[in-house]
Amino acid sequence: MSPEPSAPSMKKPPKPGTIRAALAYRDFRLMWLSSVTSSVGVWMQQVVLPAYVYARTDSASIVALFVFAQLGPLLLLSIPAGVMADKFERKKWLVFAQSIQMTGSILLGIFTSFDGSLLILFLAQLTVGIGNSFNAPAFSAVLPSLVKPQDLGGSISLSSASVNGSRVLGPILAALLMNLGVETHFIFFINACTYLIVMTAVLRIALPAATRSSEKGLKSFTLGLRIAKSRKAVGRILLTMFSFSLLSLPFVGLFPAVAELTFDIAADSPTYKWLYATWGLGAMFGALSIGSVLSAVDKR
C-alpha cells in the first residue's frame with residue numbers, strides 16, 4: 011500500500027517534491043525527526059571522542075584508528091549487511107542495529123568516565139561502527155518508502171539536511187554542554203539515549219512491505235553491480251560518493267591535530283567544537299535548497 015499523508019487539510023496541498031509535501035506524511039515525520047535527534051547525538055559523540063583520544067595520546071595516528079573503527083565497517087560490511095537486511099523483517103532489523111550502536115555508546119561512556127583502556131574504547135567504537143553498518147542500508151531504504159514517488163525529492167532533501175545539519179548542531183550542543191560543566195563521558199550516554207528514540211519511532215510506524223529481489227545472497231550483490239554498470243547515472247553517483255569518502259572524510263581523524271598544530275586550538279576546548287560545527291553548515295543549506303528553492307528547476 012502506498013504511504014498516505016496525514017489527515018486532510020482545507021489548505022492548499024503542498025507542491026509535490028517539496029519539503030512540505032514530504033512532511034505531510036506522519037510516518038515519515040516520525041522517522042525523520044527521530045533520525046535528526048539520533049544524528050545530532052552521533053555527531054556530538056564523533057566530535058568529542060577524537061578530541062578525547064587526541065588529548066590522552068597526542069597522536070593523530072591513534073585518532074585515525076578510532077575513526078577507522080567507526081567508518082571501516084561501513085566500507086567492509088554495508089553490502090553484506092544490506093543483503094542480510096532484505097532477509098529479515100525491517101522493524102526487527104532496525105531495532106537490532108540501533109541496539110548494537112547503543113551498547114557501544116554506553117561502553118564508551120563507562121570507560122571514558124575513568125580513562126579506561128584505549129583497547130576497550132577502540133572495541134566499543136568498533137561496536138558502534140558495526141551497528142551503523144547494519145543500520146545504514148536498511149534505514150536508507152526505509153525513509154524513501156514512507157512517501158509517494160512524486161514526493162521523493164523533498165524526503166531526500168530532508169534526509170540530507172538532517173545529516174549535514176547535525177554536523178552543525180551536534181558539535182555546538184556538545185560545546186554548550188561542556189561549557190556548562192558536563193563531562194565527556196556523559197556525551198556518550200546522551201547519544202545512547204537517542205538510539206532509544208529511533209527504536210520507539212520504528213515500532214510506531216507502519217512500514218510498507220519490502221520489494222524482494224528474486225536473486226539471493228551474492229547474486230543480489232552482483233545484480234546491483236550490473237545495474238550500476240548498465241545505468242551510467244547510477245555508476246557516476248557511486249563513483250562520486252566513493253571518491254568523496256576516500257579523499258575528504260580522512261580529515262575527520264586529522265582534524266584534532268590540525269586544529270591544535272595549525273590554529274593552537276586545543277582539541278578538548280569548546281572553541282574546537284564550534285570550529286568543527288562550521289563543517290556541515292554549507293552542506294545543510296545546500297540540502298535544504300534542493301527541496302525548496304531548487305525544487306522547481308528542471309531535474310534533467
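Numbering-wise, our numbering comes out as the position in the sequence shown, counting from 1, plus 10. Backbone N, C-alpha and C define an ideal beta-carbon position, used for all residues, glycine too.
Residue of the options minimising C-alpha distance to residue i
i      : options                        : result
VAL77  : ALA31, PHE149, LEU248, ILE140  : ILE140
TYR35  : LEU168, SER258, PHE261         : LEU168
VAL268 : TRP42, SER69, LYS25, ILE215    : SER69
TRP103 : PHE265, LEU248, SER150         : SER150
ARG214 : LEU186, ASP37, PHE132, GLY92   : ASP37
LEU81  : PHE261, ALA276, ALA287, TYR282 : PHE261
Cβ-based burial, residue i [other Cβ within 10 Å; buried from 16]
i      : result
ARG246 : exposed
PRO18  : Note that PRO18 has pLDDT 49, beneath the 50 cutoff, so the model's placement of it is unreliable and the number below is only indicative. Exposed.
GLU270 : buried
ALA244 : Just to set this straight, residue 244 is Val in the shown sequence, not Ala. So VAL244 counts as exposed.
ASP125 : exposed
LEU100 : First, the amino acid is wrong: residue 100 is Arg here, not Leu. Buried is the call here.
THR28  : buried
ILE237 : exposed
Cβ separation of residue i and residue j, assumed to be a contact under 8 Å, to the nearest whole Å
i      : j      : result
ASN201 : GLN108 : 12 Å between Cβ atoms; not a contact.
SER45  : VAL208 : 7 Å
GLY114 : ALA134 : 5 Å
SER183 : MET41  : The sequence given here places Leu at residue 183; Ser does not occur at that position. In fact, because the Cβ distance is near 21 Å, the residues do not count as touching under 8 Å.
Residue i CB to nearest heavy atom of the ligand NAD below 7 Å
i     : result
THR28 : Ligands are entirely absent from the displayed structure, and the ligand NAD is therefore not among its contents.
Short Cβ contact (8 Å threshold) for residue i with residue j
i      : j      : result
VAL173 : SER49  : yes
ALA31  : GLY175 : no
LEU84  : ALA171 : no
PRO218 : SER155 : yes
PRO181 : VAL52  : no
MET188 : PRO266 : no
SER88  : SER143 : yes
THR122 : THR194 : yes
VAL73  : GLN111 : no
LEU75  : PHE132 : yes
Within-8 Å CB hit, residue i to chain B
i      : result
SER170 : Considering every chain present, this structure includes no chain B. It has just one protein chain.
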